[in-house]
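S.K.: One structure follows; several queries about it will come next.
Residue numbers (the working numbering): 154 to 299.
This is the structure in structure tokens:
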């Protein structure tokens, strides 16, 4: 179902925070969105509305294969499914490779939950690779160092 933008209308295809500020998230502002989402969640919890909101979300249709879910939510679900299987190797393709606090927390949680597993991820910066057991740097010409 296509839902056109109307300033006074809630758009079910967007998150609460996106609806509040009438816009989509910019990737380069991920940490700011996390702060906003945290404040919204705390406010909803303090007002006693969070359980009702979750119930509404769980009652909503998502379509075949989760087609109504965002790519971000689908990646989170895939990650949780992986952790449940207790694998010896997890390749985090496009997940937790950033150097912000949220990605760092995901890597720490995975390491705590799966202490013997090998975690492979493409780090966005040297900072994101800190704490890794092994770092492989791929140069512009394709050579690997490390």
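Where is the CB? At the ideal position from N, CA and C, for every residue including glycine.
For clarity, every value in this text was computed on a predicted model and none was experimentally measured.
(1) Reducing DSSP to helix, strand and coil, say where residue 298 ends up.
(2) Using a Cβ distance threshold of 8 Å, determine whether the segment 260-274 contacts the segment 198-210, with at least three qualifying pairs required.
(3) Residue range of the alpha helix (DSSP H) that residue 236 falls in?
(4) When you compare the CB positions of residue 286 and residue 241, do they come within less than 9 Å of one another, or not?
(5) Quick one: is residue 281 buried, meaning 16 or more other Cβ sit within 10 Å of its Cβ, or exposed?
(6) Do you know whose CA, among 168, 266 and 260, lies nearest residue 225's CA?
(7) So, is residue 249 buried or exposed, given that buried needs 16 or more other C-beta atoms within 10 angstroms?
(8) Leaving out the 5 sequence neighbours to the left and right, which residues in its chain are closer than 7 Å to residue 266 when beta-carbon positions are compared?
(9) Quick check on residue 244: does DSSP put it in helix, strand or coil?
(10) By the 10 Å Cβ neighbour count, where 16 or more other Cβ atoms means buried, how is residue 246 classified, buried or exposed?
(11) Going by beta carbon distance, what residues of the same chain come within less than 6 Å of residue 244, once the five residues before and after it are set aside?
(12) Quick one, which of 260, 209, 191 and 206 has its alpha-carbon nearest residue 229's?
M.R.: Inspection of the coordinates gives the following:
(1) If DSSP states are grouped into helix, strand and coil, residue 298 belongs with the strands.
(2) Segments in contact, no.
(3) Following the DSSP letters along the chain, one finds residue 236 inside the alpha helix (DSSP H) bounded by residues 224-237.
(4) No; because the gap between Cβ atoms is not below 9 Å, this pair is not in contact.
(5) Its Cβ being crowded by 16 or more others within 10 Å, residue 281 is buried.
(6) When each option's Cα is compared against that of residue 225, the closest is 168.
(7) So residue 249 counts as buried.
(8) Excluding positions up to five away in sequence, the list reads 236.
(9) DSSP places residue 244 in strand when its eight states are reduced to three.
(10) The Cβ neighbour count for residue 246, taken over all protein chains shown within 10 Å, is under 16; the residue is labelled exposed.
(11) Closer than 6 Å at the Cβ level, and outside the excluded window around residue 244, lie 273.
(12) The residue with the shortest Cα to Cα distance from residue 229 is 260.
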